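Let me begin by presenting the structure, written as structure tokens, before commenting on it.
Numbering (our numbering), first residue to last: 1 to 191.
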């Protein structure tokens with residue numbers, strides 16, 4: 001299991017060391033890729049790979065879900081997004097809070113005394129991520145460029161929303177369904 005933790009650390013380093021701006025023409029998708037990498041890829045790998053670390057962050061799945069909801073939706077308020085774009089400390093706070101929220105969700109879900117509670121937390125997280133991604137995609141104008149003095153780029157915003165949907169929705173949904181499967185298999189063994 002420790003190998004998963006080290007893979008998570010490598011992905012975390014890759015999210016920050018590799019110059020993604022050259023891969024994506026616009027900055028919003030680049031920023032979203034980092035967001036989703038932290039909450040939906042790095043955090044679960046760290047929780048699975050380092051059980052002792054996971055026990056530190058294991059809270060009620062509902063608490064983890066609520067914290068992640070507040071963090072993710074909060075940092076997508078245009079003013080706060082602009083603050084993170086314009087100030088190094090804002091960016092550091094944003095990214096640290098994404099990682100912390102992700103650790104709380106995943107540790108709570110995987111360490112829940114009742115796996116169905118963990119599944120519920122992951123499925124709720126999937127739903128709020130899907131809703132936010134859809135709102136970002138369907139917005140009639142660029143929501144963020146004016147918050148940091150950038151040029152409006154609705155296409156980039158829509159690509160960022162698609163990344164949120166394409167990464168977050170399936171990861172949380174599949175993990176939640178895996179926990180439901182675990183409960184069903186335990187029920188078969190007990191019968």
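By construction, the Cβ of each residue, glycine as well, lies at the ideal position given by its N, Cα and C atoms.
Please read all numbers here as calculations on a predicted model, not as lab measurements.
- Straight across, the Cα-Cα distance linking residue 106 with residue 47 is about 7 angstroms.
- With a threshold of 16 other beta carbon atoms within 10 Å, residue 156 meets it and is buried.
- Counting every other CB atom within 10 Å of its CB across the protein chains shown gives residue 85 a total of 16 or more, marking it as buried.
- Separation of the CB atoms of residue 41 and residue 11 is rounded to 6 angstroms, and the pair is thereby assigned contact status at 8 angstroms.
- A distance below 7 angstroms between beta-carbons, with the five flanking residues on each side excluded, links residue 62 to the following residues of its chain, in chain order: 121.
- Secondary structure at residue 76: coil, using DSSP grouped into helix, strand and coil.
- The three-state reading of DSSP puts residue 172 in helix, counting H, G and I together.
- Within its own chain, the residues whose Cβ lies closer than 6 angstroms to the Cβ of residue 168, once the five positions on either side in sequence are excluded, are 36, 40, 129, listed in chain order.
- Here residue 138 is actually not in contact with residue 145; their C-beta atoms are around 17 angstroms apart, not less than 8 angstroms.
- Within the same chain, and ignoring the five residues on either side of residue 3 in sequence, the residues whose Cβ sits closer than 7 angstroms to its Cβ are 49.
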